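Participant: The working numbering numbers the first residue of the sequence shown as 51 and each following residue consecutively.
All residues carry an ideal CB built from backbone N, CA and C; glycine is no exception.
The model shown is predicted, which means the values in this text are computed figures rather than measured ones.
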Amino acid sequence: MPPQDDRDWRCRALGIPGGYRGLYTLITESVNAPQRLVAKRLTAATLADLGYTQEGMQRLGYGREALELLGYLPKKPSPAGGRPEPEALPRTQLRPATPPRPRAGGKPLAELIETLDAQQLHALGYVIHHVKQEGIDARVAARAGFTLHELVTVYSAYELKNAGFTIGELRRHFDGSELRAAGFAARDMRREGFSIRQMQSFGYNDNQIRTAGYTQPELIEAGMMRQTVDKRGLQNW
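(1) Buried or exposed for Arg276, please, with buried defined as at least 16 other CB atoms from any protein chain shown within 10 angstroms of its CB.
(2) Between the stretch 91-104 and the stretch 112-126, are three or more C-beta pairs nearer than 8 Å?
(3) Is it true that the CB of Gly106 sits closer than 9 Å to the CB of Val16?
(4) So what does DSSP say about Met275, is it helix, strand or coil?
(5) Quick check for students: name the residue ranges of the beta strand (DSSP E) that lie wholly in the stretch 53-126, counting only runs of 3 or more.
(6) Do the stretch 77-92 and the stretch 154-173 make contact, defined as three or more Cβ pairs closer than 8 Å?
(7) Does DSSP classify Arg222 as helix, strand or coil?
(8) Which residues in the same chain as Leu201 place their Cβ atom closer than 7 Å to its Cβ, once the five residues preceding and following it in sequence are excluded?
(9) Can you grab the Cα-Cα spacing for the pair Pro150 / Gln85, in whole Å?
(10) Just reading off the alpha helix (DSSP H) that Leu166 is part of, what are its end residues?
(11) Helix, strand or coil for Val204, going by three-state DSSP, please let me know.
(12) Three-state secondary structure (DSSP) at Ala235?
(13) Within its chain, find whatever has a CB closer than 6 Å to the CB of Glu228; leave out the 5 residues flanking it on each side and keep chain order.
(14) Give the straight-line distance between the Cα atoms of Ala272 and Arg247, rounded to the nearest whole angstrom.
(15) Check for me: the alpha helix (DSSP H) holding Ile178 runs from which residue to which?
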């Protein structure tokens with residue numbers, strides 16, 4: 051599977067808003083309209099290279115016709131052609147994947163993830179999208195060994211903060227507004243280098259910004275503190 055950064059860049063190059071996270075949203079919203087993927091040049095070869103195998107697409111609910119349209123399966127020849135139709139896939143492979151098809155002794159994914167690590171789950175055909183689809187908490191997924199690069203494609207900054215990830219780890223994957231919504235304090239944001247103007251745009255109030263640790267000159271420049279000079283020529287802030 052290609053590195054997350056590479057997949058994110060390639061998705062953006064294909065015009066997909068939100069990069070690799072946006073790709074997952076697009077795929078799940080196109081189950082009943084796979085032509086949307088084709089219109090964006092997202093056919094089997096490209097999708098598989100981005101981590102979406104035929105089995106993974108089936109788990110997300112894509113049926114035979116959609117898989118044929120995308121190029122995962124050969125299209126059935128016309129009966130007039132006189133050629134035999136390819137053998138149909140077992141019905142169990144065409145059903146939507148919620149809940150996922152039992153694997154490893156009939157255990158559902160929610161149980162498997164308690165005893166198997168991410169590498170073992172990958173070997174069974176599971177990817178992080180299936181984990182999220184089953185409603186499994188980000189803390190459980192992280193504990194199983196799914197990388198942050200995988201987790202950020204399906205979990206929010208809020209969920210990952212609650213899973214124990216720091217603002218320093220999450221900043222490269224989420225914008226300031228998302229970090230603010232996740233509940234990070236103004237002081238944490240200031241330590242990460244966000245300016246006062248940025249903090250205001252994220253929705254922090256004046257009191258939160260004043261107590262975040264910015265210097266007096268920074269606060270004055272932002273219009274949040276006045277500098278005066280008393281009769282003795284002393285500066286007051």
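Facilitator: So, from the listed chains and residues:
(1) For the purposes of this step, residue 276 is identified with residue 226 of the sequence shown, where counting begins at 1. When all chains shown are included, Arg276 counts as exposed.
(2) With the cut-off at 8 Å, the stretch 91-104 and the stretch 112-126 touch.
(3) Any answer about residue 16 is impossible in this case: the structure gives the chain only from 51 up to 287.
(4) The sequence position of residue 275 within the sequence shown is 225, counting from 1. DSSP places Met275 in coil when its eight states are reduced to three.
(5) none
(6) no
(7) Taking the sequence shown and counting its residues from 1, the one referred to as residue 222 is at position 172. Reduced to three states, the DSSP call for Arg222 is coil.
(8) Taking the sequence shown and counting its residues from 1, the one referred to as residue 201 is at position 151. Here Leu201 has Ile178, Ala188, Ala191, Ala192 and Leu210 as same chain residues with Cβ atoms under 7 Å from its own Cβ, once five neighbours each way along the sequence are excluded.
(9) Sequence index remark: in the sequence shown, residue 150 carries index 100 (1-based). Sequence index remark: in the sequence shown, residue 85 carries index 35 (1-based). At Pro150, the pLDDT of 43 sits below 50, so the modelled position is not reliable; the number obtained from the coordinates is stated separately. Cα to Cα, Pro150 sits roughly 25 Å from Gln85.
(10) For the purposes of this step, residue 166 is taken as the residue at position 116 of the sequence shown. Where Leu166 is concerned, there is no enclosing alpha helix (DSSP H), given that its DSSP letter is neither H nor E.
(11) Taking the sequence shown and counting its residues from 1, one reaches residue 204 at position 154. Val204: coil per DSSP, three-state reduction.
(12) Taking the sequence shown and counting its residues from 1, the one referred to as residue 235 is at position 185. Of the three classes helix, strand and coil, the one that applies to Ala235 here is coil, per DSSP.
(13) The residue you call residue 228 lines up with position 178 of the sequence shown. Result list for Glu228: Ala207, in chain order.
(14) Within the sequence shown, the letter at position 222 stands for residue 272. Within the sequence shown, the letter at position 197 stands for residue 247. Distance between the alpha carbons of Ala272 and Arg247: 7 Å.
(15) Reading the sequence shown from its first residue, position 128 is the one you call residue 178. Where Ile178 is concerned, the enclosing alpha helix (DSSP H) stretches over Ile178 to Gln183.
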